[in-house]
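Please read the structure below before turning to the comments.
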Amino acid sequence: MVGTRDDKDTVNRRGFLAVGVRAVCGAGLVALLAAVPAHRRAGAVALRPPGAVGEADFLAACVRCGLCVRDCPYDTLKLAEAGDGQPVGTPYFFARDIPCEMCEHIPCVVACPTGALDKGLTDIVEARMGTAVLVGHETCLNYLGLRCDVCYRVCPLIDHAITLERLHNERTGKHAMFIPVVHTDKCTGCGKCEKACVLDEAAIKVLPTQLAVGELGKHYRLGWKEKEKEGKGLIEGIIDLPDRMPDPPSIGPERLPGGGFKEFKP
Amino acid sequence: MSSPAYRPPARAAIEAKGWIGANKWLLIRRAAQLGFLALFLTGPLLGTWIAKGTLAASLTLGVLPLTDPLMALQSLLAGHVMETTALIGVAIVVAAYAVLGGRTFCSFVCPVNMVADLAVWLRRTLGIKEGLTVDRRLRLWLLAGVLIGSVASGAIVWEFVNPVTMLHRGLVYGGLFTWGAALATTAAVFLFDLGVARHGWCGHLCPVGAFYGLIGEKSVVRVTAVGRDACDNCMDCFTVCPERQVIAPALRGKDKGVGPVILSRDCTNCGRCIDVCTKDVFRFGTRFRNSPSDALGVGADAGPADTIARAS
Numbered sequence: 001m002v003g004t005r006d007d008k009d010t011v012n013r014r015g016f017l018a019v020g021v022r023a024v025c026g027a028g029l030v031a032l033l034a035a036v037p038a039h040r041r042a043g044a045v046a047l048r049p050p051g052a053v054g055e056a057d058f059l060a061a062c063v064r065c066g067l068c069v070r071d072c073p074y075d076t077l078k079l080a081e082a083g084d085g086q087p088v089g090t091p092y093f094f095a096r097d098i099p100c101e102m103c104e105h106i107p108c109v110v111a112c113p114t115g116a117l118d119k120g121l122t123d124i125v126e127a128r129m130g131t132a133v134l135v136g137h138e139t140c141l142n143y144l145g146l147r148c149d150v151c152y153r154v155c156p157l158i159d160h161a162i163t164l165e166r167l168h169n170e171r172t173g174k175h176a177m178f179i180p181v182v183h184t185d186k187c188t189g190c191g192k193c194e195k196a197c198v199l200d201e202a203a204i205k206v207l208p209t210q211l212a213v214g215e216l217g218k219h220y221r222l223g224w225k226e227k228e229k230e231g232k233g234l235i236e237g238i239i240d241l242p243d244r245m246p247d248p249p250s251i252g253p254e255r256l257p258g259g260g261f262k263e264f265k266p
Numbered sequence: 267m268s269s270p271a272y273r274p275p276a277r278a279a280i281e282a283k284g285w286i287g288a289n290k291w292l293l294i295r296r297a298a299q300l301g302f303l304a305l306f307l308t309g310p311l312l313g314t315w316i317a318k319g320t321l322a323a324s325l326t327l328g329v330l331p332l333t334d335p336l337m338a339l340q341s342l343l344a345g346h347v348m349e350t351t352a353l354i355g356v357a358i359v360v361a362a363y364a365v366l367g368g369r370t371f372c373s374f375v376c377p378v379n380m381v382a383d384l385a386v387w388l389r390r391t392l393g394i395k396e397g398l399t400v401d402r403r404l405r406l407w408l409l410a411g412v413l414i415g416s417v418a419s420g421a422i423v424w425e426f427v428n429p430v431t432m433l434h435r436g437l438v439y440g441g442l443f444t445w446g447a448a449l450a451t452t453a454a455v456f457l458f459d460l461g462v463a464r465h466g467w468c469g470h471l472c473p474v475g476a477f478y479g480l481i482g483e484k485s486v487v488r489v490t491a492v493g494r495d496a497c498d499n500c501m502d503c504f505t506v507c508p509e510r511q512v513i514a515p516a517l518r519g520k521d522k523g524v525g526p527v528i529l530s531r532d533c534t535n536c537g538r539c540i541d542v543c544t545k546d547v548f549r550f551g552t553r554f555r556n557s558p559s560d561a562l563g564v565g566a567d568a569g570p571a572d573t574i575a576r577a578s
């Protein structure tokens, strides 16, 4: 049976349409898959919620359900989108946007059904979401000799996680500088300091602890600490020879009795 | 010979049973899919929390934990033993689908189903033919790959791409509406199903569906071609079925002495075959009534097949 001319045209048009749709779909598919990783933004460091197990274990444990996000009373936690710096769907927060308020009962940890947030964390002061680092030594107002102190004041562990250390202000010669110093053994990485920093771009930032804190070679021993541990010198019977110091430098060129200076050649 | 003019597969059924009758299970399914979604959305939209979380893991009314079993298995293989809450959730989900049919998840719960159905509807409307032929067992290989990948990488690997949770999370947490991974993944599935392979994602590749299929391998609730003697070979059920390979053994099994129940784990229990059949060949039943004699003969004492089907 032969179809009428109209039938044939319809079939051809449909066939052509189908091929077109396919081509568009195929191209769109490739474009989409390429677009997701390309769609990235630089900027802040995405921190994990309190109690998060180490990053390698985290991706084995977190099912990206967002129950921690739901139970965060301050809307601190978010689920990552492509480009936020964490795998899509995993919980994170940007300290500069909304820092962790360090809830006493840690509802995010309680909500986690899988153990990606470790229920062993019951005291929020023990949390280690990251470590604050004063990165802006040239912009921090306290480094410039002012008394901003905001990061220090807002720190939930004031005088423990951040202290102010007094230094001489060499620029003025007569003032003091109060330098905020983070103590990495106490800092929870809550990010309140970063949030509160008055600069346009925070001078103090919370970084993943691994990035923030250096690590000594495993074979390093600090002599003074070892000595303290031993309660005595590590090597007995060392003869302490007198220290030989260099001669004191002469002040200025030598003056000649007849006026003028020695070795002065005009 | 030119191909026959396009005929929507449900047209005959609509004429025979009315629009509602010809779309009953489709409507129930859409209601279920949107209903399950609504449970997650009352909280963020209205402030009344019913279900929290996503299809990966959720907590309903503060007491009922549910966890995706494939997620838990990947996590285990990646070296993490989940906490009790999540494991209880796995047990409940596995128990439910082991009875109701594993892939009932795919047709009644999974939000990707609506995307896939839209693609297949557009395909029919635009007259796009089969396209790429993909082996349906590929999903099992993909599943195996996902499990091996979890061991090798120490991470729940499928979550880096999983369109099911990407879309659900995107809907529940709003990420779908900002250009991002949820939209891209969903659009990719749609385009793949529309332009590359018919029922490409859900019917051939999705390892989540494949895993639910394995859970429901021996599930109780099944579609049964109980009125198969009345079949007039209109082929509408084959046209609408997302897993059409499952129908023939039950529907055409009489001569081989095969029972009328669709036993394949691939069947999604979507009930669309029940909807479009003008002869009321299909209905929901159990796997246990599956001797060839359980099929109703035409004019048998059991009464006309349609009475039984309507009563179900």
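Protein chains in written order, with my numbering: chain A, 1 to 266; chain B, 267 to 578. Glycine included, each C-beta is placed from N, C-alpha and C at the ideal position. These numbers were taken from a predicted model, which means no experiment stands behind them.
Could you check whether the region 124 to 138 of chain A touches the region 80 to 87 of chain A, counting it as contact only if at least three pairs of C-beta atoms, one from each stretch, sit closer than 8 Å? no
Where do the N-terminal and C-terminal ends of the alpha helix (DSSP H) with PHE302(B) fall, by residue? 290 to 312
Please report the straight-line C-alpha distance between PRO242(A) and LYS232(A), rounded to a whole angstrom. Cα to Cα, PRO242(A) sits roughly 21 Å from LYS232(A).
Which same chain residues end up closer than 6 Å to ALA476(B) when comparing Cβ atoms and leaving out the 5 residues on each side of it in sequence? ARG405, LEU406, LEU409
Residue environment, ARG549(B), which counts as buried when at least 16 other CB atoms sit within 10 Å: buried
For GLY355(B), count the other beta carbons within 10 Å of its own beta carbon; 16 or more makes it buried, fewer makes it exposed. Which is it? Within 10 angstroms of the beta-carbon of GLY355(B) lie 16 or more other beta-carbons, which makes it buried.
Closer than 8 Å by beta-carbon distance: list the chain B residues that pair up with ALA82(A), in chain order. GLY446, ALA447, ALA450
From ILE280(B) to TRP315(B), what does the alpha carbon distance come to, in whole angstroms? 39 Å
Proximity below 8 Å, CB of PRO377(B) to CB of LEU303(B): yes
Apart from the five residues on each side of it in sequence, which residues of its chain come closer than 6 Å, Cβ to Cβ, to PRO558(B)? GLY523, GLY525
Partners in chain A for VAL462(B), counting only beta-carbon separations shorter than 8 Å: ARG22, CYS25, GLY26, LEU29
Taking 8 Å as the CB-CB cut-off, is ALA44(A) touching chain B? no
Nearest to GLY120(A) by CA position, among GLY51(A), GLY259(A), TYR220(A), is which residue? GLY51(A)
Please go through the same chain and pick out, in chain order, the residues whose beta-carbon is closer than 8 Å to the beta-carbon of ASP118(A), but skip the five residues on each side of it. GLY51, ALA52, VAL53, VAL109
Would you identify the three-state DSSP class for GLU165(A), choosing helix, strand or coil? Looking at GLU165(A) - three-state DSSP - the assignment turns out to be strand.
Compare the C-beta of THR320(B) with all C-beta atoms of chain A and state if any pair is closer than 8 Å. yes
Under three-state DSSP, which class holds HIS434(B)? Residue state, collapsed to three classes: helix.
Pairing CB atoms from the region 187 to 195 of chain A with CB atoms from the region 89 to 101 of chain A, are three or more of them under 8 Å? Short answer: they touch.
What do you get for ILE162(A), buried or exposed, if any count of 16 or more other CB atoms within 10 angstroms of its CB means buried? buried
Just to make sure I have the definition right: I need the residues of chain B whose C-beta is within less than 8 Å of the C-beta of THR163(A). Which are they? Near THR163(A) there are no residues of chain B at all, since even the closest Cβ is about 38 Å away, more than 8 Å.
VAL527(B) (DSSP reduced to helix, strand or coil): strand
Can you round the beta-carbon distance between PHE374(B) and ARG295(B) to whole angstroms, since I take them to be within the 8 Å contact cut? 6 Å
List the DSSP bridge partners of SER324(B). GLY319(B), LEU332(B)
What are the boundary residues of the alpha helix (DSSP H) that GLY415(B) is part of? 404 to 419
Give the DSSP-derived three-state secondary structure of ILE204(A) in the structure shown. Strand, per DSSP.
Specify whether the region 169 to 177 of chain A and the region 199 to 207 of chain A touch according to this definition: at least 3 beta carbon pairs, one from each stretch, less than 8 Å apart. no
Just to confirm, are VAL506(B) and VAL542(B) a CB contact at a threshold of 8 Å? yes
Run through the DSSP bridge pairs and tell me what ARG549(B) is partnered with. THR490(B)
Could you tell me whether the Cβ atoms of GLY519(B) and VAL489(B) are closer together than 8 Å? no
Within 8 Å (strictly less), CB to CB, does SER341(B) reach chain A? yes
Please state whether DSSP places ILE358(B) in a helix, a strand or coil. helix
Quick one: is GLY115(A) buried, meaning 16 or more other Cβ sit within 10 Å of its Cβ, or exposed? Looking at its Cβ environment, which holds 16 or more other Cβ atoms inside 10 Å, GLY115(A) is buried.
Whole-angstrom distance between CYS533(B) and ALA42(A), CA atom to CA atom: Low confidence applies to ALA42(A): its pLDDT is 49, below 50, so where it sits in the model is not reliable, and the reading given next is rough at best. Using only the alpha carbons, I get a separation of about 46 Å.
Residues that PRO180(A) bridges to, as DSSP identifies them: LEU164(A)
Enumerate, from N- to C-terminal direction, the unbroken alpha helix (DSSP H) stretches of 4 or more residues contained entirely within the region 50 to 79 of chain A. 55 to 61, 67 to 70
Report all residues from its chain with a CB closer than 8 Å to the CB of GLN299(B); omit the five preceding and five following residues, and keep chain order. PHE374, VAL375, CYS376, PRO377, ASN379, MET380
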